[in-house]
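Worksheet for the structure shown next.
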Amino acid sequence: MTQAPTVTHPAEALILAKLAPTVVERARQVRLMCFDIDGVLTDGSLWYSEHGEAVKRFNALDGHGLRLMRESGIAIALITGREGPIVAHRAADLGISMVLQGIRDKLAAVTELAAQESLTLDQVGFMGDDLLDLYAMQRVGFAASVPNAPGYITQAAHWVSSREGGQGAARECCDLILAAQGRLAAFFNPNAVILGGVAQ
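Read in order, the letters of the sequence shown are residues -17 to 182 in the numbering used here.
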């Protein structure tokens, strides 16, 4: 168990006050945070063009949160069961290099990523919303979900966002982890620099 960080900004205190100590401790250990795409970073809707290309809508708040995590030294991975160029484009926009598409066994993927980063699964988090995410959520140190996920998924989570997928849920998760680790306060400094310029 790591020593609790000093809370240095009211925003951190506000976030942490709403959380059970066990959730804060789990979030404090996270060094690699993995996110599902559909239903977590998007609202799960898929729009198809006349040529059959799927279109997804991402949330700028989530993107900013992922950038803050990266700037704080927490690795980010995107793991999705679907395949397509849109996810790769969004990941490139955010500077995320760990992008795994067409993944059915997400636990195996998470385990491999943890090994590559020299981490244990206790130091890994996963945010998901459906059956493909369940086994990974059950094994990582910090499991997160969204309120519109099926009940058997949210029951497996250590924490469930108040916002739905694609509506800032991932940003909530990022803020929680950063606050738990005492890293969020630094970004209230007007001189703080976000990787890649404007964070979106």
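Each residue gets a CB set at the ideal place from its N, CA and C atoms; glycine is no exception.
Answer yes or no: do Met15 and Leu160 have a C-beta to C-beta separation smaller than 8 Å? no
Whether Tyr117 touches Leu89 by CB criterion (8 Å): Contact flag set, yes.
I need the DSSP call for Ala181, collapsed to helix, strand or coil. Residue confidence is low: Ala181 scores 39 on pLDDT, short of 50, so the model does not pin down where it sits. Its coordinate-derived value is still stated next. It is coil, neither helix nor strand.
Classification of Lys0 by the beta-carbon crowding that lies within 10 angstroms, buried from 16 upward: exposed
Check whether the Cβ atoms of Val128 and Phe108 lie closer than 8 Å to each other. no
Please work out which residues of its chain come closer than 6 Å, Cβ to Cβ, to Ala91, disregarding the five sequence neighbours upstream and downstream, and give them in chain order. Ile61, Leu82 and Ile85
Segments of 3+ residues assigned as beta strand (DSSP E) that fall wholly inside the region 67 to 106: 80 to 82
Separation of Asp111 from Pro132, as counted between CA atoms: Approximately 7 Å, taken between the alpha carbons.
Do the CB positions of Gly63 and Leu114 come within less than 8 Å of each other? yes
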